[in-house]
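Chemist: Encoded as structure tokens, here's the structure I'll be asking about.
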Amino acid sequence: MSRGWGIVELLREILPGWAPEAFVYVTQLGDAWFLFVLLSLLYWFGDDRERWGFVLAATLGALALTLLLKGLFGLPRPPEAFQFAHASGYGFPSGHAIGSTVVWGLLALSIERAHHRIRVAVAAVVVALVALSRLVIGVHFAVDVVVGVVVGLVYLVVVVRGLNWRTRPTFALATGIAFAAMVVAVLVAPRNWTVDSVAAFGGTTGALLAWFTMDHPLNARVGSVAAVVGLLMLGALTYAGLRLSLPLPAVFVINAVSQGGILAYPRVVGSVRRRLGR
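When the letters of the sequence shown are read in order and numbered with the numbering used here, they come out as residues 7 to 284.
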């Protein structure tokens, strides 16, 4: 309990009984499925696919970094008695805190609407709510979310300042981090963690190859119907690659196709339209 500072217990005492159930929905703002649906739509509908490709690359790297750090530290989550919603795997640092800090931070820097300070403030509120939700529903200790936010901010500085918003180096960085996470998982982690790490390495590799092999990222604009079809197909593929008991090579390939497919989808849509004569 040393990582908790007694905050989880305190929140349970001072918050009304309905709060944990409400925060189960709030925490979705930092879930990987929500972040990738949001970023896929922004990439497909946006005018600046180079910028949104960079955001996708940074997000893949942030999720891979989460797996790497969790595998290295191997620290548990709070006991099940504290958990309002079930969560498995290691607890330190919080992946929701890292992912939401990176994604919502990049959204604040990328979306050119409203004043810069307003965008940053909105992003900060969302990140704070996601971090708080992990404590309220009892799946993380306080240190987990604090360190997660710090790690997310440091990673943001690396990709924004160090890599200067360059998409290809960011995809390469994400792939390197995912490979390191896979090596750590194979050496020290249980099988389910190995599956997640192989999936991450497959996803980053597929995205890296897709970006490098495309002639130009600005392909056909994806319409609403095509977007729904794409989300359903790629979502089903991702689910199969993560949830079905498949051999590790199959997990790698399926996730490579699903993540690379997000980037290649506008090109696929354009090709289909040309064949149909539209």
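All residues carry an ideal CB built from backbone N, CA and C; glycine is no exception.
Tell me whether the beta-carbon of G247 lies closer than 7 Å to the beta-carbon of I260.
Modeler: Against a cut-off of 7 Å, the Cβ pair of I260 and G247 comes out as a contact.
Chemist: Tell me whether R227 sits in a helix, a strand or coil according to DSSP, three-state version.
Modeler: It is coil, neither helix nor strand.
Chemist: Output needed for N262: all residues of its chain with C-beta closer than 6 Å, excluding positions within five of it in sequence on either side, in chain order.
Modeler: This sequence places Ala at residue 262; Asn is not what is there. Answer for A262: G208, T211 and G212, listed in chain order.
Chemist: Can you tell me which of the three DSSP states I117 falls into?
Modeler: Correct three-state label for I117: coil.
Chemist: Got a sec? Which residues, its chain only, sit under 6 Å from T181 by beta carbon, not counting five neighbours each side?
Modeler: Closer than 6 Å at Cβ, skipping near neighbours: T210, T211 and L214.
Chemist: Buried or exposed: which applies to G229, given that a residue is buried once 16 or more other Cβ atoms fall within 10 Å of its Cβ?
Modeler: The residue is exposed, with fewer than 16 neighbouring Cβ atoms inside 10 Å.
Chemist: Name the residue from V109, K76 and Q265 whose alpha carbon lies nearest to the alpha carbon of L159.
Modeler: Considering only alpha carbons, the answer is V109.
Chemist: In chain order, which continuous runs of the beta strand (DSSP E) of length 3 or greater are located wholly inside the region 118 to 194?
Modeler: Within the region 118 to 194, no complete beta strand (DSSP E) run reaches 3 residues.
Chemist: From A184, A187 and S46, pick the residue whose C-alpha is nearest to that of V235; which is it?
Modeler: Of the candidates A184, A187 and S46, the one whose C-alpha sits nearest the C-alpha of V235 is S46.
Chemist: Assuming the contact rule is C-beta atoms closer than 8 Å, F218 and R167 should be a hit. Round their C-beta distance to whole Å, please.
Modeler: Incorrect: roughly 24 Å between the Cβ atoms, too far for contact.
Chemist: When the Cα of A187 is compared with those of F79, R280 and L141, which residue comes out closest?
Modeler: Here the closest residue by C-alpha is F79.
Chemist: In angstroms, rounded to a whole number, what distance separates the CA positions of F147 and R281?
Modeler: Cα to Cα, F147 sits roughly 54 Å from R281.
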